[in-house]
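Each protein sequence line maps, in turn, to chains A and B.
Taking numbering that gives the first Met the number 0, the leading residue of the first sequence gets 0, the next gets one more, and so forth.
Taking numbering that gives the first Met the number 0, the leading residue of the second sequence gets 0, the next gets one more, and so forth.
Virtual Cβ for every residue (Gly too), placed ideally from N, Cα, C.
Only a predicted model underlies this, so the values are computations on that prediction, with no experimental measurement involved.
Each remark here refers to the structure printed beneath this line.
Protein chains: 2
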Amino acid sequence: MTLPHPNTDQISLPIVLGVLGDPTRLAIVRYLASKEGVPLNCSQFLDLGSKTNLSYHLAKLREAGVTRAEVVGTSRLITLRRADLDSRFPGLLDSVITAAGDDAALPMIGGHNIEVPA
Amino acid sequence: MTLPHPNTDQISLPIVLGVLGDPTRLAIVRYLASKEGVPLNCSQFLDLGSKTNLSYHLAKLREAGVTRAEVVGTSRLITLRRADLDSRFPGLLDSVITAAGDDAALPMIGGHNIEVPA
């Protein structure tokens, strides 16, 4: 089973910005960026909301082209589409991650650098 | 008469991103950036929508801290809050403006570099 993702050239600036305009989704992106190269699964974001709520936010990020989700057994492994976003919108993801990193108003996962038990 | 604006330290990342997640508002920001230093009034954006519609979008941008609107007589002179945004979120506005500049899907004002008659 594969989930639908936009191609790189289908990633839309207003849609990406709109999807990032949410504290929970920004917190997810910040956490993914802090763990870059390590695919994470949904349960690692449970500090941010219920499973239903997270599924909704993770689908929004995937459908906008911000993240990739691979179905592996019963898990979905989630990564940032950094290369795709950097090629479409140079500098945008980095500036968002930097700003989100400084934003104490965003919800946190663990101590934000601390592993959360799955 | 002065209109309400957030202070620089009240400008919120998720709110700014959410407000920029709209084609008309991105087109307004792109146009303001192309005329930087020249305050524009509402009538210069009429290619993008009705006056009522523009008032709504311009209020959203002002309330988020993206633009400043000064009431001068019967006009509102609108400028980008570049210095404030750059100090809050370094690189963000530039990356958005660059990406918006390449985005043929956004609505245009005139030829986007052509003066629109008031």
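If the criterion is Cβ atoms closer than 7 angstroms, does the pair Phe88(B) and Ala98(A) meet it?
As a working mapping, residue 88(B) is identified with position 89 in the second sequence. As a working mapping, residue 98(A) is identified with position 99 in the first sequence. It is a contact, given that the beta carbons lie within the stated cut-off.
Quick one, which of Ala104(A), Thr78(A) and Ala63(A) has its alpha-carbon nearest Tyr30(A)'s?
Counting from 1 along the first sequence, the entry for residue 30(A) is found at position 31. Nearest option by C-alpha distance: Thr78(A).
With DSSP as the reference, label Ser54(B) as helix, strand or coil.
Your numbering for residue 54(B) matches position 55 in the second sequence. The answer is helix: DSSP assigns Ser54(B) an H, G or I state.
Is any beta-carbon of chain B found at less than 7 angstroms from that of Phe44(A)?
As a working mapping, residue 44(A) is identified with position 45 in the first sequence. Phe44(A) does not count as touching chain B.
State the Cα-Cα distance for the pair Ala82(B) and Ile27(B), rounded to the nearest angstrom.
Residue numbering aside, residue 82(B) sits at position 83 when the second sequence is read from its first letter. Residue numbering aside, residue 27(B) sits at position 28 when the second sequence is read from its first letter. Whole-angstrom Cα-Cα distance: 18 angstroms.
Whose C-beta lies closer than 8 angstroms to the C-beta of Met107(B) among residues of the same chain, with five residues either side of it excluded?
For the purposes of this step, residue 107(B) is identified with residue 108 of the second sequence, where counting begins at 1. Taken in chain order, the residues that qualify are Ala26 and Asp46.
Could you give the DSSP three-state label for Val65(A): helix, strand or coil?
Position 66 of the first sequence holds residue 65(A). In this structure, Val65(A) counts as coil in the three-state DSSP scheme.
So if DSSP puts Arg75(A) in a beta bridge, which residue, or which two residues, is it bridged to?
Taking the first residue of the first sequence as 1, we reach residue 75(A) at position 76. Answer is Val70(A), bridged to Arg75(A).
Over the uninterrupted alpha helix (DSSP H) stretch that includes Ser94(B), give me the two end residues.
On the second sequence, position 95 is the one that residue 94(B) refers to. Note, Ser94(B): alpha helix (DSSP H), Leu91 to Gly100.
Does Leu25(A) come out as helix, strand or coil in the three-state DSSP assignment?
As a first step, residue 25(A) is located in the first sequence; it is residue number 26 there, counting from the start. In the structure shown, Leu25(A) sits in a helix (DSSP, three-state: H, G or I).
Roughly how far, in whole angstroms, is the beta-carbon of Leu57(B) from the beta-carbon of Thr66(B), given that I think they are within contact range, below 8 angstroms?
Counting from 1 along the second sequence, the entry for residue 57(B) is found at position 58. Counting from 1 along the second sequence, the entry for residue 66(B) is found at position 67. Right, the Cβ-Cβ distance comes to about 7 angstroms (below 8 angstroms), so this counts as a contact.
Between Gly172(A) and chain B, is there a C-beta pair that is closer than 7 angstroms?
Residue coverage of chain A in this structure runs from 0 to 117, which leaves residue 172(A) outside it and unanswerable.
Quick one: which chain B residues come within Cβ less than 8 angstroms of Pro89(A)?
Sequence index remark: in the first sequence, residue 89(A) carries index 90 (1-based). Those within 8 angstroms of Pro89(A) in chain B are Ser94, Thr97 and Ala98.
What first and last residue would you give for the alpha helix (DSSP H) that runs through Val18(A)?
Position 19 of the first sequence, counted from the start, is the residue given in the question as residue 18(A). Where Val18(A) is concerned, the enclosing alpha helix (DSSP H) stretches over Leu12 to Leu19.
Cβ atoms of Ala63(A) and Ile14(A): under 7 angstroms apart, would you say?
Counting from one through the first sequence, the residue named residue 14(A) turns up at place 15. Counting from one through the first sequence, the residue named residue 63(A) turns up at place 64. For Ile14(A) and Ala63(A), yes; Cβs fall inside 7 angstroms.
So Asp83(B) is in the alpha helix (DSSP H); what residue range does that whole segment cover?
By one-based count along the second sequence, residue 83(B) stands at place 84. First-last of the alpha helix (DSSP H) with Asp83(B): Arg81 to Arg87.
Note down the Cα distance separating Leu12(A) from Pro22(A), rounded to an integer number of angstroms.
Numbered from its first residue, the first sequence carries residue 12(A) at position 13. Numbered from its first residue, the first sequence carries residue 22(A) at position 23. So the two alpha carbons sit approximately 18 angstroms from each other.
Determine whether the Cβ of Leu31(A) lies closer than 7 angstroms to any Cβ atom of chain B.
Locating residue 31(A) in the first sequence gives position 32, where the first residue counts as 1. So no, Leu31(A) is outside the interface.
In chain B, what lies closer than 7 angstroms to Asp8(A) by C-beta?
In the first sequence, counting from the first residue as 1, residue 8(A) sits at position 9. None at all; the shortest Cβ gap to chain B is about 11 angstroms.
On the three-state DSSP scale, how would you describe Leu105(B)?
Residue numbering aside, residue 105(B) sits at position 106 when the second sequence is read from its first letter. Note: Leu105(B) maps to coil in three-state DSSP.
Between the Cα of His4(A) and the Cα atoms of Asp101(A), Arg80(A) and Leu39(A), which residue gives the shortest distance?
On the first sequence, position 5 is the one that residue 4(A) refers to. When each option's Cα is compared against that of His4(A), the closest is Arg80(A).
Would you tell me roughly how many angstroms separate the C-alpha atoms of Val115(B) and Gly109(B), rounded to the nearest one?
Position 116 of the second sequence holds residue 115(B). Position 110 of the second sequence holds residue 109(B). Low local confidence applies: a pLDDT of 42 at Val115(B) is under 50, so the model's placement there is unreliable, and no value is given.
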